[in-house]
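For reference, the structure discussed in these notes is given below.
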Amino acid sequence: MQETVINIEGLSKSFGANKVLDHFDLQLHRGENLVVLGKSGSGKSVLIKCIIGLIEPDHGKIQVLGKNVLNLNHVQLDQVRVKVAFLFQSNALYDSMTVRENLEFPLRRHSIQLSAGDADQMVREALQNVGLEHTIDMMPVDLSGGMRKRIALARTLILKPEIILYDEPTTGLDPITSQEISALINQIRDKYQTSALVISHDMRCVKTVAHRIAMLIDGKCYAVGSYEELAASTDSKIKPFFD
Amino acid sequence: MFSMPESLRAFLHETGEIARFSLRFFREGFQPRFEWEEFVRQCFLVGYRSLPLVGLTAFIIGLVLTMQLRPTMVYYGVEVQIPAMVGIAIVREIGPILTALIFAGKIGSSIGAELGSMKVTEQIDAMEVSGTNPFKYLVVTRTLATMLMLPILVLLADAISLAGSYLGVNMYETLTYPLFFKKVFDNLTYIDIIPAFVKTFFFGFAVGIIGCYKGYYCEKGTEGVGLSANSSVVASSVAIFILDLIAVQISDLFQP
Numbered sequence: 318m319q320e321t322v323i324n325i326e327g328l329s330k331s332f333g334a335n336k337v338l339d340h341f342d343l344q345l346h347r348g349e350n351l352v353v354l355g356k357s358g359s360g361k362s363v364l365i366k367c368i369i370g371l372i373e374p375d376h377g378k379i380q381v382l383g384k385n386v387l388n389l390n391h392v393q394l395d396q397v398r399v400k401v402a403f404l405f406q407s408n409a410l411y412d413s414m415t416v417r418e419n420l421e422f423p424l425r426r427h428s429i430q431l432s433a434g435d436a437d438q439m440v441r442e443a444l445q446n447v448g449l450e451h452t453i454d455m456m457p458v459d460l461s462g463g464m465r466k467r468i469a470l471a472r473t474l475i476l477k478p479e480i481i482l483y484d485e486p487t488t489g490l491d492p493i494t495s496q497e498i499s500a501l502i503n504q505i506r507d508k509y510q511t512s513a514l515v516i517s518h519d520m521r522c523v524k525t526v527a528h529r530i531a532m533l534i535d536g537k538c539y540a541v542g543s544y545e546e547l548a549a550s551t552d553s554k555i556k557p558f559f560d
Numbered sequence: 560m561f562s563m564p565e566s567l568r569a570f571l572h573e574t575g576e577i578a579r580f581s582l583r584f585f586r587e588g589f590q591p592r593f594e595w596e597e598f599v600r601q602c603f604l605v606g607y608r609s610l611p612l613v614g615l616t617a618f619i620i621g622l623v624l625t626m627q628l629r630p631t632m633v634y635y636g637v638e639v640q641i642p643a644m645v646g647i648a649i650v651r652e653i654g655p656i657l658t659a660l661i662f663a664g665k666i667g668s669s670i671g672a673e674l675g676s677m678k679v680t681e682q683i684d685a686m687e688v689s690g691t692n693p694f695k696y697l698v699v700t701r702t703l704a705t706m707l708m709l710p711i712l713v714l715l716a717d718a719i720s721l722a723g724s725y726l727g728v729n730m731y732e733t734l735t736y737p738l739f740f741k742k743v744f745d746n747l748t749y750i751d752i753i754p755a756f757v758k759t760f761f762f763g764f765a766v767g768i769i770g771c772y773k774g775y776y777c778e779k780g781t782e783g784v785g786l787s788a789n790s791s792v793v794a795s796s797v798a799i800f801i802l803d804l805i806a807v808q809i810s811d812l813f814q815p
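Going down the list, the sequences are from chains X and F.
Under the working numbering, the first sequence is numbered contiguously, ending at residue 560.
Under the working numbering, the second sequence is numbered contiguously, ending at residue 815.
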C-alpha cells in the first residue's frame with residue numbers, strides 16, 4: 318500500500334457567502350505528482366494555502382507527513398514547512414534581494430546552521446538544477462518571466478523538501494517555457510523523489526506531469542483518476558476540461 | 560433611528576483596525592527574535608536617504624522665513640529679534656511638522672507601496688512559509704526605524720534651517736555666527752525644545768505604522784499598490800496634525 322504524505326478530510330472554507338471548499342477529501346501519495354484541476358476561482362489556490370497553513374479552513378482535517386497542521390503552533394508549523402516547499406503562482410521572489418539572497422533566505426530563516434561555504438554550495442546546486450547558475454548575483458527584476466519561475470523553483474528546492482506544492486506553475490509563460498517548466502517538475506521528482514501537488518488548468522502541463530488528477534468541482538473532489546481515465550470520461554462536468 | 564453615514568463608519572472602522580495593528584506592534588515587537596539586520600538596513604533607507612530632501616527643504620524654509628519676516632520686523636523696529644523669533648518658530652513647530660510631512664510623503668508612501676507590492680506578489684506569504692514572521696520582519700523593523708530616524712532628521716533639519724536663517728539675516732546686515740546662535744538659544748528654553756523633540760517620536764510612529772498597515776492589507780492588485788501609497792501619505796499627514804494638536808495642548812500645561 319502506498320504511503321500517504323498529505324491526507325485531507327472534509328475540508329471546508331467559505332469567504333462570506335461564497336463556499337469555496339465543501340467537504341473536500343484528497344490523498345497525496347509518496348513519490349507521485351498529483352494535479353488538482355479545476356476552473357479559475359474554484360478554490361485550488363485556497364486548497365494549497367490551507368495545506369501550508371497560510372489560510373485557516375472552517376472545518377476539516379489536513380495531515381501533512383502525519384501531523385495535523387491545523388493543531389500546530391508556529392514553531393511546529395515551521396518544522397513542517399521545512400519539509401514542504403511552495404512554488405507561488407507569482408513566483409514571490411524578493412525584489413530587494415539578489416538571486417543568491419533569495420535562495421539563502423529560507424536557509425537562514427529556518428535557523429539551519431550552515432557555514433558560508435555550505436550555504437553557497439547549496440545555492441549553486443539548486444541553481445544548477447534549474448540551469449541558471451550564472452544568475453546568482455542578478456536581481457529578480459533583471460530576469461525574464463521564465464527565468465524567475467526557475468529561480469523560484471530553485472528556492473523551493475534549497476531545503477530539499479519531501480513535498481512540493483506548485484500553484485499554477487506555468488501561468489503566464491509561453492508554451493515552450495511552460496513545457497520546460499513541466500519537464501523540470503518531472504526531473505525534480507525523479508532526482509529528489511519528491512511528492513508534488515500541482516494546481517493547474519494548463520492541460521499540456523497537466524498531461525506532462527500528472528500521475529493522477531483530482532477534479533475540484535463545486536468545492537468537492539469530484540473525481541480522481543489518471544489523465545487517460547478522465548479524458549475518456551463522458552461526464553458533462555469533466556469532459557470540457559479535456560476537449 | 561440614527562444611521563451613521565457610510566464614510567464615517569468606514570473611517571471609524573479603519574481607525575479601529577490601525578489601533579489593533581498598533582497593539583500588535585507593541586505585543587510582538589519586543590519579543591525575540593528581533594530582526595537587527597533588517598532594522599539597521601531600514602534605518603539607513605529611511606534616515607540617510609531622506610536627508611538630502613529634508614536638508615534642502617529645511618534650508619530654504621529657514622532662509623525664506625527670515626526674508627519674509629524681515630519687513631514687518633523692520634517696520635516695528637525689532638529686526639534684532641529675528642534670530643530669536645525664527646529660532647522659536649523652527650524649533651517648536653516648523654522643524655518638526657515640516658520634516659514629518661516631508662517624511663510622510665517620501666517614506667510613508669514608499670513603505671505603503673513596497674509592502675503593498677509584496678502583498679500582491681505573494682512575497683509576504685513566501686516569507687511566512689520560509690519560517691519568518693512577516694509582521695516582525697517588515698512592520699516592526701520599519702516602524703521602529705521611522706520612530707528612531709525622524710527625531711534625528713528633525714534635529715538636523717532644525718540646525719540646517721537655522722543655517723538658512725543665518726544666511727537670510729546676513730543678506731541685509733552683518734551678524735556673526737556665534738552672535739546669531741546666542742540670540743537663538745537665549746530665547747529657547749527646555750519647555751520649547753523637549754516637547755518639540757518628544758512629539759517627533761510619535762510622528763515617526765504614525766508614519767511607520769500607517770504606511771505598514773496600508774501596505775500589509777493592500778488589496779485589488781496593482782491598483783491597490785497605488786492606493787496604498789497614496790492613502791499612507793494622506794492618513795499619516797492627518798495623523799501628524801492631530802498628534803501635533805494634542806502635543807501642543809500637553810506642552811502648554813508646562814509653560815510657566
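Cβ coordinates follow ideal geometry from the N, Cα and C atoms, glycine included.
Between which two residues does the alpha helix (DSSP H) containing residue 688(F) stretch?
682-688
Please indicate yes or no: does the CB of residue 752(F) lie closer than 7 angstroms to some heavy atom of the ligand ADP?
In terms of ligand content, the structure shown is empty, and the ligand ADP therefore cannot be addressed.
Tell me which residue opens and which closes the beta strand (DSSP E) that residue 574(F) is part of.
It is not in any beta strand (DSSP E) - residue 574(F) instead sits in the alpha helix (DSSP H) that spans 565-588.
According to DSSP, is residue 342(X) helix, strand or coil?
strand
Please determine, among 768(F), 793(F), 737(F), the residue with the shortest C-alpha to C-alpha distance to residue 579(F).
768(F)
Going along chain F, which residues have a C-beta under 7 angstroms from residue 407(X)?
Among the residues of chain F, those whose CB is under 7 angstroms from the CB of residue 407(X) are 680, 681, following chain order.
Comparing the C-beta of residue 689(F) with each C-beta of chain X, is any distance below 8 angstroms?
yes
Whole angstroms is fine: what's the gap from residue 760(F)'s alpha carbon to residue 581(F)'s?
14 angstroms
I need the boundaries of the beta strand (DSSP E) containing residue 350(X), first residue and last residue.
350-354
Quick check on the burial criterion: 16 or more other C-beta atoms within 10 angstroms. Buried or exposed for residue 791(F)?
Under this definition residue 791(F) is a buried residue.
So, are the CB atoms of residue 889(F) and residue 717(F) less than 8 angstroms apart?
Since the first residue shown for chain F is 560 and the last is 815, residue 889(F) is missing from the structure and cannot be characterised.
Roughly how far, in whole angstroms, is the beta-carbon of residue 603(F) from the beta-carbon of residue 703(F), given that I think they are within contact range, below 8 angstroms?
Taking the Cβ atoms as the reference, residue 603(F) lies roughly 13 angstroms from residue 703(F), outside the contact range of under 8 angstroms.
Counting only Cβ pairs nearer than 8 angstroms, list the residues of chain F close to residue 427(X).
689, 690
Check whether the region 386-397 of chain X and the region 350-364 of chain X are in contact - that is, three or more C-beta pairs closer than 8 angstroms.
When Cβ pairs closer than 8 angstroms are counted between the two stretches, the region 386-397 of chain X is seen not to touch the region 350-364 of chain X, the count staying below three.
Along chain X, which residues have their Cβ under 7 angstroms away from the Cβ of residue 685(F)?
405, 409
Do residue 365(X) and residue 482(X) have their beta-carbon atoms positioned less than 8 angstroms apart in this structure?
yes
CB-CB under 7 angstroms to residue 382(X), same chain, minus the five flanking residues each way: which ones, in chain order?
322, 397, 400, 479
Strictly by DSSP, which residues pair up with residue 542(X)?
Residue 542(X) is bridged by DSSP to 530(X).
How big is the Cα-Cα spacing for residue 540(X) and residue 337(X)?
17 angstroms
Decide if residue 525(X) is buried, meaning its Cβ has at least 16 other Cβ atoms within 10 Å, or exposed.
The residue in question, residue 525(X), is buried, as its Cβ has 16 or more Cβ neighbours within 10 Å.
Compare the C-beta of residue 459(X) with all C-beta atoms of chain F and state if any pair is closer than 8 angstroms.
Not an interface residue.
Taking Cβ-Cβ distances shorter than 8 angstroms, what residues in chain F pair up with residue 398(X)?
688, 689, 690
Whole angstroms are fine: how far does the CA of residue 588(F) sit from the CA of residue 528(F)?
Residue 528(F) cannot be examined here, being either before or after the span of chain F that is shown, 560 to 815.
With DSSP collapsed to three states, give me the class of residue 430(X).
In this structure, residue 430(X) counts as coil in the three-state DSSP scheme.
What would DSSP say about residue 436(X), mapped onto helix, strand or coil?
helix
Using the beta-carbon count (16 or more within 10 Å), is residue 684(F) buried or exposed?
buried
For residue 369(X), go through chain F and note every residue whose CB falls closer than 9 angstroms to its CB, in chain order.
684, 687, 688
Beta-carbon separation of residue 417(X) and residue 689(F) under 8 angstroms?
no
Pair every Cβ in the region 639-649 of chain F with every Cβ in the region 736-746 of chain F, then say whether three or more of these pairs are closer than 8 angstroms.
yes
When DSSP labels each residue in this structure, what does residue 384(X) get in the three-state scheme?
strand
Could you tell me which residues DSSP puts in a beta bridge with residue 376(X)?
329(X)
Quick check: the region 659-671 of chain F against the region 627-643 of chain F, are at least 3 beta-carbon pairs closer than 8 angstroms?
no
Work out the CA separation of residue 529(X) and residue 664(F) for me, nearest whole Å.
53 angstroms
Where does residue 389(X) fall in DSSP's three states?
coil
According to DSSP, is residue 334(X) helix, strand or coil?
coil
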